[in-house]
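J.: Respectively, the protein sequence lines represent chains H and P. Throughout the first sequence, residue numbering follows my numbering, covering 1 to 115 in sequence. Throughout the second sequence, residue numbering follows my numbering, covering 1 to 111 in sequence. C-beta atoms are modelled at their ideal positions from N, C-alpha and C, and glycine is treated no differently. Got a structure here, written out as structure tokens. Questions coming.
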Amino acid sequence: DAGVIQSPRHEVTEMGQEVTLRCKPISGHDYLFWYRQTMMRGLELLIYFNNNVPIDDSGMPEDRFSAKMPNASFSTLKIQPSEPRDSAVYFCASSWASFSGNTIYFGEGSWLTVV
Amino acid sequence: EDQVTQSPEALRLQEGESSSLNCSYTVSGLRGLFWYRQDPGKGPEFLFTLYSAGEEKEKERLKATLTKKESFLHITAPKPEDSATYLCAVRKGGGADGLTFGKGTHLIIQP
């Protein structure tokens, strides 16, 4: 089975440019999560969706960040305008339901560098 | 505030030298404690979920245990391919569905 698929795997962009990261969750999963990983802060939850509806975006750092999930098989995380401090690895993850601590599966990540 | 603290930050072992990694947590309404393995340049890979104090799970050279305040990941006779960062995470009740992660233990197994 295909896992969580993210694109692009690597992106280098200039400060002020718009960045769009994409995610295809595992088929049948109804929860989708966006995480950010840095050396200083580790893995942080940015936002998550249930059945395509955003449930908690309290981890989104500021208004420059936005996320959408137009259908069950696709989500985007957009940064506009990007800044050097946004440089990090962004992970998308998905799971089936949330009761009983169901396993969350991660993609391979999108490595973002803003110069 | 929910907290997950892992120790040590880094650990270097000789091949075959057994040890344990610690994950201490404070969370209201624990709904699962998770262990993940992360290799360089990869996403976290699921290892175990523990739900209640006293529970244990094993996979090859790894065994995870859980108490009311902490979890241990025991590594028995490790091999170089066990080198990775091991992440602990908790999922809490009350409608918050995402995982809260510790910063991980970077494990190096020397041949």
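Can you check whether the C-beta of E108(H) is within less than 8 Å of a C-beta belonging to chain P?
T.: yes
J.: Mind checking who G42(H) pairs with in its DSSP beta bridge?
T.: T38(H)
J.: Hey, is D39(P)'s beta-carbon within less than 8 Å of any beta-carbon in chain H?
T.: No, because no Cβ of chain H sits closer than 8 Å to the Cβ of D39(P).
J.: Can you list, in chain order, the residues of its chain with a C-beta nearer than 7 Å to that of G3(H)? Leave out the 5 residues immediately preceding and following it.
T.: I26, Y105 and G107
J.: Determine, for L99(P), whether the minimum Cβ-Cβ distance to residues of chain H falls below 8 Å.
T.: Interface flag for L99(P) against chain H is set, since a Cβ pair is found closer than 8 Å.
J.: Is it the case that the Cβ atoms of L32(H) and M69(H) are separated by a distance below 8 Å?
T.: Yes; because the gap between Cβ atoms is below 8 Å, this pair is in contact.
J.: Measuring CB to CB, does L73(P) end up less than 8 Å from Y86(P)?
T.: yes
J.: Which residues in the same chain as V115(H) place their Cβ atom closer than 8 Å to its Cβ, once the five residues preceding and following it in sequence are excluded?
T.: Same-chain partners within the cutoff: V12, T13, E14, M15 and P84.
J.: Any beta carbon from chain P within less than 8 Å of I104(H)'s own beta carbon?
T.: yes
J.: What is the C-beta distance between V90(P) and L30(P), in whole angstroms, given that I count them as a contact (C-beta under 8 Å)?
T.: 6 Å
J.: Bridge partners of D56(H), per DSSP?
T.: Y48(H)
J.: For K103(P) and chain H, any beta-carbon pair shorter than 8 Å?
T.: yes
J.: Quickly, what does DSSP pair Q110(P) with across the bridge? List them, please.
T.: Q14(P)
J.: Quick one: what's H74(P) bridged to in DSSP?
T.: S20(P) and K63(P)
J.: Exposed or buried, what is P111(P) when buried is set at 16 or more other beta-carbons lying within 10 Å of its beta-carbon?
T.: exposed
J.: Is it buried or exposed, S52(P), if we count other Cβ atoms within 10 angstroms and call 16 or more buried?
T.: exposed
J.: Let me see if you follow: with CB-CB separation under 8 Å, is G28(H) close to chain P or not?
T.: no
J.: With distance defined between alpha-carbon atoms, name the residue in R64(H), I5(H) and S58(H) nearest to V19(H).
T.: R64(H)
J.: Got a sec? Which residues, its chain only, sit under 6 Å from T26(P) by beta carbon, not counting five neighbours each side?
T.: Q3
J.: So, is A64(P) buried or exposed, given that buried needs 16 or more other C-beta atoms within 10 angstroms?
T.: buried
J.: Just the chain H side, please: which residues come within less than 7 Å of P111(P) by C-beta, in chain order?
T.: Near P111(P) there are no residues of chain H at all, since even the closest Cβ is about 27 Å away, more than 7 Å.
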